[in-house]
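Per this note's numbering, residue 296 is the first one in the sequence shown, and the count goes up by one each step.
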Amino acid sequence: MNTNKDSSLLFAGEDTIFRIASVSKIVSWVVLVVYLVIFVNDLQPLFQGQTQLPTQFSQWPITIVSWFYAPVLGLFYFLVLQGVAQGLNLGLDIYYELQPEDGEEDEEEYVEE
């Protein structure tokens, strides 16, 4: 059995983490734009006068929720994907903080002696 691990196959590789974080940021913006386009498309009949507004007060909350469902959902996905990217970057910062560089490790040994 081969116990040597190829660094390109490890999930925790720095390049892989950076790639996932950057793809997450790009996808978050794409998702937000798509949901905003859906929102504008849903409101287009309203601006063109093709939609009848509700006449009863009890129908207004349902109408408002149906209009703003798409942008709220898009904003939620955007924030989740941005949070994933920030969490991965934070994880790398913590990893770098815990891993001393070669020069720092040698200096600590000389100070202790």
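Yeah, the Cβ is synthetic: ideal placement off N, Cα and C, and Gly gets one too.
Just so it is clear, the structure is predicted and the values come from calculations on it, not from any experiment.
When you compare the CB positions of Ser319 and Leu387, do they come within less than 7 Å of one another, or not? Within the sequence shown, numbered from 1, the residue matching residue 319 stands at position 24. Within the sequence shown, numbered from 1, the residue matching residue 387 stands at position 92. No, these two residues do not count as a Cβ contact at 7 Å.
Hey, would you say Phe373 sits closer than 7 Å to Ser317, going by beta carbons? Your numbering for residue 373 matches position 78 in the sequence shown. Your numbering for residue 317 matches position 22 in the sequence shown. No, these two residues do not count as a Cβ contact at 7 Å.
Check the C-beta distance from Ala365 over to Tyr330 and give it rounded, since I have them as a contact under 8 Å. Here residue 365 corresponds to residue number 70 of the sequence shown, with the count starting at 1. Here residue 330 corresponds to residue number 35 of the sequence shown, with the count starting at 1. Confirmed, Cβ separation roughly 5 Å.
For Ile359, tell me which candidate among Leu341, Ile321, Gly382 has the shortest Cα-Cα distance. For this step, residue 359 is matched to residue 64 along the sequence shown. It is Leu341.
For the putative contact between Leu338 and Trp362, defined by C-beta atoms under 8 Å, what is the C-beta separation to the nearest angstrom? Counting from one through the sequence shown, the residue named residue 338 turns up at place 43. Counting from one through the sequence shown, the residue named residue 362 turns up at place 67. Yes, Leu338 and Trp362 are in contact; Cβ-Cβ is about 6 Å, under 8 Å.
Identify whether Gln381 lies in helix, strand or coil by the three-state DSSP scheme. To locate residue 381, count along the sequence shown from 1; it is residue 86. The answer is helix: DSSP assigns Gln381 an H, G or I state.
According to DSSP, is Pro356 part of a helix, a strand, or is it coil? Sequence index remark: in the sequence shown, residue 356 carries index 61 (1-based). Pro356: helix per DSSP, three-state reduction.
How big is the Cα-Cα spacing for Gln343 and Gly308? Numbered from its first residue, the sequence shown carries residue 343 at position 48. Numbered from its first residue, the sequence shown carries residue 308 at position 13. The alpha-carbon atoms of Gln343 and Gly308 are separated by roughly 53 Å.
Distance between Asn336 and Ile312 (C-alpha atoms, nearest Å): Your numbering for residue 312 matches position 17 in the sequence shown. Your numbering for residue 336 matches position 41 in the sequence shown. Straight-line Cα distance between these residues: approximately 36 Å.
Buried or exposed: Gly382, going by 16 or more other Cβ atoms within 10 Å of its Cβ? The residue labelled residue 382 in the question sits at position 87 within the sequence shown. That one is exposed.
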